[in-house]
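Have a look at the structure below before the remarks.
Residue numbers (UniProt numbering): 1 to 323.
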């Protein structure tokens, strides 16, 4: 879904163009400034941030006063794009890039005087606007470097369920930030998704009850979820979304533990699809993915094996849809 183990981005980029149907610009958290939040900070050309022991923090300045750490994060991103451009020379087809969504970013980045951006309505709006602007520039840059690509833009929102539930701790640890309502969540998420147009968009959230309705109302073309975690209520929301035209990115290949065979990986998805009475023709359109990012895999070899399993699992799903 984006993150991979190790520090060799060049080797991973080569592997992705060989192994998966939708290659992507990988995130390598083991590298300095290679994690998903630092990658997003590298996009924020309208806001200045610095890196503290507790994480990234707004400094209250604008881009010309960006900290050394922010400049390094931006430099890392540009170096990664150089490698992508090299391996994607002459490539045509789908190509995915990803960044943290506005709500997870607001629940992670701190204000200049402490606490999360989430606590300040104006600050979180400014952060979302800066992210939208940075993403728009990023999309344009990738299009320039890989003109034959059909871009897919993924927003990672692992923190949004906690934001909606009012479960994000305050800086003191004694309380929780006030919950955000559905319309408010849709508004900022929609702003960032619009910045990616005309690329295909999806929102990724590995949770038992991902807020699928928020994602679809915000205009996401697809939702990416971990199939093994979903509750019955979540499946009902996914069923409604799929029938309305939303593309499902189904995380069926586990990120750790024993590696299933293609039949084993496909079975939970196919079984639930049939239980919900969903159209088999729509099952053929489901994109098969790892359950979540693979940065936690014990080794690059293990992560590659899980990526290699995706094609054969997709073939099994397609065959089951015909039965």
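Glycine included, each C-beta is placed from N, C-alpha and C at the ideal position. Please read these numbers as outputs of a predicted model, since none were measured by experiment.
Euclidean distance between Cα positions of residue i and residue j
{"i": "residue 2", "j": "residue 128", "result": "21 Å"}
{"i": "residue 215", "j": "residue 223", "result": "7 Å"}
{"i": "residue 45", "j": "residue 323", "result": "51 Å"}
{"i": "residue 203", "j": "residue 144", "result": "24 Å"}
{"i": "residue 103", "j": "residue 31", "result": "24 Å"}
{"i": "residue 83", "j": "residue 89", "result": "10 Å"}
{"i": "residue 15", "j": "residue 113", "result": "43 Å"}
{"i": "residue 158", "j": "residue 257", "result": "22 Å"}
{"i": "residue 12", "j": "residue 308", "result": "13 Å"}
{"i": "residue 272", "j": "residue 317", "result": "12 Å"}
{"i": "residue 136", "j": "residue 195", "result": "5 Å"}
{"i": "residue 279", "j": "residue 259", "result": "29 Å"}
{"i": "residue 182", "j": "residue 142", "result": "32 Å"}
{"i": "residue 217", "j": "residue 192", "result": "13 Å"}
Of the listed residues the options, nearest to residue i (C-alpha basis)
{"i": "residue 180", "options": "246, 6 and 189", "result": "189"}
{"i": "residue 281", "options": "295, 234 and 247", "result": "247"}
{"i": "residue 293", "options": "78, 15 and 206", "result": "206"}
{"i": "residue 283", "options": "109, 304, 258 and 314", "result": "314"}
{"i": "residue 148", "options": "191, 92 and 258", "result": "92"}
{"i": "residue 197", "options": "311, 154, 76 and 277", "result": "154"}
{"i": "residue 366", "options": "111, 17 and 56", "result": "Nothing can be reported for residue 366, as the shown portion of the chain is limited to 1 through 323."}
{"i": "residue 170", "options": "115, 259 and 305", "result": "115"}
{"i": "residue 40", "options": "5, 68, 77 and 8", "result": "77"}
{"i": "residue 274", "options": "306, 245, 295 and 235", "result": "235"}
{"i": "residue 7", "options": "311, 270 and 33", "result": "33"}
{"i": "residue 35", "options": "56, 279 and 20", "result": "56"}
{"i": "residue 310", "options": "303, 288, 319 and 321", "result": "288"}
{"i": "residue 98", "options": "151, 178, 218 and 107", "result": "151"}
{"i": "residue 20", "options": "10, 94 and 42", "result": "94"}
Expected contact under 8 Å - CB spacing of residue i and residue j to nearest Å
{"i": "residue 117", "j": "residue 58", "result": "7 Å"}
{"i": "residue 200", "j": "residue 221", "result": "5 Å"}
{"i": "residue 229", "j": "residue 208", "result": "5 Å"}
{"i": "residue 253", "j": "residue 306", "result": "5 Å"}
{"i": "residue 295", "j": "residue 5", "result": "6 Å"}
Where the alpha helix (DSSP H) containing residue i begins and where it ends
{"i": "residue 186", "result": "182-195"}
{"i": "residue 103", "result": "102-106"}
{"i": "residue 238", "result": "232-243"}
{"i": "residue 223", "result": "That residue, residue 223, is in no alpha helix (DSSP H); its beta strand (DSSP E) goes 222-226."}
{"i": "residue 154", "result": "Taken as a continuous stretch (DSSP letters only), residue 154 belongs to no alpha helix (DSSP H), being part of the beta strand (DSSP E) at 149-156."}
{"i": "residue 325", "result": "What is shown of the chain runs 1 to 323, which leaves residue 325 out entirely."}
{"i": "residue 81", "result": "68-87"}
{"i": "residue 12", "result": "9-19"}
Endpoints, beta strand (DSSP E) assigned at residue i
{"i": "residue 204", "result": "200-204"}
**Asked** Okay, do the stretch 12-29 and the stretch 114-128 touch, 3+ Cβ pairs below 8 Å being the bar?
**Response** By the Cβ rule, the stretch 12-29 does not count as touching the stretch 114-128, because fewer than three pairs are nearer than 8 Å.
**Message:** With three or more C-beta pairs closer than 8 Å as the rule, is the stretch 264-279 touching the stretch 292-299?
**Reply:** Output reads no: the stretch 264-279 does not touch the stretch 292-299.
**Request:** Tell me, please, whether the stretch 163-178 touches the stretch 220-239 by the rule of three or more beta-carbon pairs shorter than 8 Å.
**Result:** Contact between the stretch 163-178 and the stretch 220-239 is absent, because fewer than three Cβ pairs lie under 8 Å.
**Asked** Are the stretch 65-77 and the stretch 129-137 touching by the rule of at least three beta carbon pairs closer than 8 Å?
**Response** By the C-beta criterion, the stretch 65-77 is judged not to be in contact with the stretch 129-137, since fewer than 3 inter-stretch pairs fall below 8 Å.
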